[in-house]
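Final position of the sequence shown in our numbering is 308; the numbers increase by one with none missing.
Report on one structure; see the data block that follows.
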Amino acid sequence: MVRTVLGGVLLIGLGAALMYVVTLDKSSSVTQADRSVAAGAAGQAAAARGFGVVARTGESQRTDLEQRVARLEARLAEEAVERRQLQQQYDALAAQVALRDDGHGDAAVATASAEGPATVETRADQSSDAAAVDYSKSAMERALAAAGLDAVTAANIKRRHDELAMNEMYLRDQAAREHWIDTPRFADEMAALDAQRTSVRSDIGDEAYDRYLYALGQPNRVRVDDVMLQSPAAQAGLQTGDMIVRYGDARIFAPDELVAQTRDGTAGETVQLEIIRNGERLQVDVPRGPLGLRIAATQDTPPAS
Numbered sequence: 004m005v006r007t008v009l010g011g012v013l014l015i016g017l018g019a020a021l022m023y024v025v026t027l028d029k030s031s032s033v034t035q036a037d038r039s040v041a042a043g044a045a046g047q048a049a050a051a052r053g054f055g056v057v058a059r060t061g062e063s064q065r066t067d068l069e070q071r072v073a074r075l076e077a078r079l080a081e082e083a084v085e086r087r088q089l090q091q092q093y094d095a096l097a098a099q100v101a102l103r104d105d106g107h108g109d110a111a112v113a114t115a116s117a118e119g120p121a122t123v124e125t126r127a128d129q130s131s132d133a134a135a136v137d138y139s140k141s142a143m144e145r146a147l148a149a150a151g152l153d154a155v156t157a158a159n160i161k162r163r164h165d166e167l168a169m170n171e172m173y174l175r176d177q178a179a180r181e182h183w184i185d186t187p188r189f190a191d192e193m194a195a196l197d198a199q200r201t202s203v204r205s206d207i208g209d210e211a212y213d214r215y216l217y218a219l220g221q222p223n224r225v226r227v228d229d230v231m232l233q234s235p236a237a238q239a240g241l242q243t244g245d246m247i248v249r250y251g252d253a254r255i256f257a258p259d260e261l262v263a264q265t266r267d268g269t270a271g272e273t274v275q276l277e278i279i280r281n282g283e284r285l286q287v288d289v290p291r292g293p294l295g296l297r298i299a300a301t302q303d304t305p306p307a308s
C-alpha cells in the first residue's frame, strides 16, 4: 500500500517537472522570437534613418554640383564675350598696322622724355565729303594720294608692303604649326624679312609722310602738355601747347621719336628745337638729354605743299 502511494507521488512529481520544462522552453522561444522581431524592427528603423541621411546627402551634392555647373556656364559665356571683344580689338589693330609704316608712327606707348607718360589723341578721317572718297582704293592708297603721290607709285608702295606682311604671316603660321616659333631659326628668318622692309616714311619723305599720317587720321605732332619747373625746357622758354616738329636734324612725328633723339648723341650738347606756337615756327636751343616735359601725341594740319 505504502509502495503504491509513493509511486503515485513520484509520478505526479515527474509530470510536474516535465510540464515546467516544456513551459520554460516555450517561454524562451517566444522571448527569442520577440527579441529577433524587435532587433529586426530596430535594424529597419536604423536603416531607414541611414537611408534618409544618404538621400539628404545625395540631394545636397546634386544641388552643389548644379550650382557649380551654372557658375561655370556663366563664366564661359562671359569669356566668350571677352574673346569676341578681344578679336574685334585685334582686327582693328591689325588693320591699323597694315596701314602704317614699320613703327615710326607709333605713339601709343611713348613716354615723355623718361619723365612721365604720354597720352594719345586721334581724330576722324579728314575727308569733308565722304561721297567723294574712292573706296575702290585701299585706305593706304588714298592716304598716299592725299600725300601727293600718283596712283602708280601709291599702288607699288602698297604692293611691296603687303607682300612683306603676307610673308611674315606665312612664316609665323608655319613656325607655330611646326613648333619652332621660339627658336633661333624663327629669329633668323624674321630678321631676313625685316632686312627687306622699308618704311613709308623713307619711301615718300618727311613732308609727304606728314600729310600721309594726317590723311589716315593718325597723330603727326608732339604737343607739350606740361613744362616742369627749373627744367631745361623751362629755361629754354617752352610753353604748354607748343608743337615740337624738329629736334636737331630729325623731323619729329611721335613722342617716342623725340625721346630717342634726346638719348642720342652726346649728353649736354646744344641742340636746336623747332616748335610751332600759335601757328608760328620758332627755334630754341636746349641741351641734349631729358627736357623736363610731359608730352602727348596729337594731330595738326600739315602746312600746304
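Positions of the beta carbon are idealized from the N, C-alpha and C atoms, including for glycine.
Since this is a predicted model, take the numbers as computed values, not measurements.
Three-state secondary structure assigned by DSSP to residue i
i, result
"P290", "strand"
"A239", "helix"
"Q233", "coil"
"A142", "helix"
"R249", "strand"
"R266", "coil"
"I207", "helix"
"P306", "coil"
"A150", "coil"
"T156", "helix"
"R200", "coil"
"M182", "In the sequence as displayed, the identity of residue 182 is His instead of Met. Looking at H182 - three-state DSSP - the assignment turns out to be coil, as it is neither helix nor strand."
Min CB distance residue i to chain C below 8 Å
i, result
"I207", "Protein chain content of the structure displayed is limited to a single chain, and chain C is not contained in it."
Backbone CA spacing between residue i and residue j [nearest angstrom]
i, j, result
"T273", "G220", "34 Å"
"A110", "F256", "Only weak support is given to the placement of A110: the predicted model assigns it a pLDDT of 35, under 50, and the question is left unresolved by the model."
"R226", "A168", "32 Å"
"L296", "D229", "6 Å"
"P235", "G292", "9 Å"
"D206", "Q199", "13 Å"
"G251", "Q275", "5 Å"
"R162", "D197", "16 Å"
"G271", "D191", "38 Å"
"L216", "R224", "10 Å"
"G268", "T301", "27 Å"
"Q70", "Q64", "10 Å"
"I160", "L75", "50 Å"
"T265", "R249", "12 Å"
Residue(s) in a DSSP beta bridge with residue i
i, result
"L285", "I278"
"T273", "P290"
"R254", "R249"
Residue i, buried or exposed, once every other Cβ within 10 Å from all chains shown has been counted against 16
i, result
"P187", "exposed"
"D165", "exposed"
"Q286", "exposed"
"L241", "buried"
"L147", "buried"
"D213", "buried"
Distance between beta carbons of residue j and residue i, contact taken as under 8 Å
i, j, result
"A150", "A211", "4 Å"
"D245", "R280", "5 Å"
"M193", "L174", "7 Å"
"L261", "I247", "6 Å"
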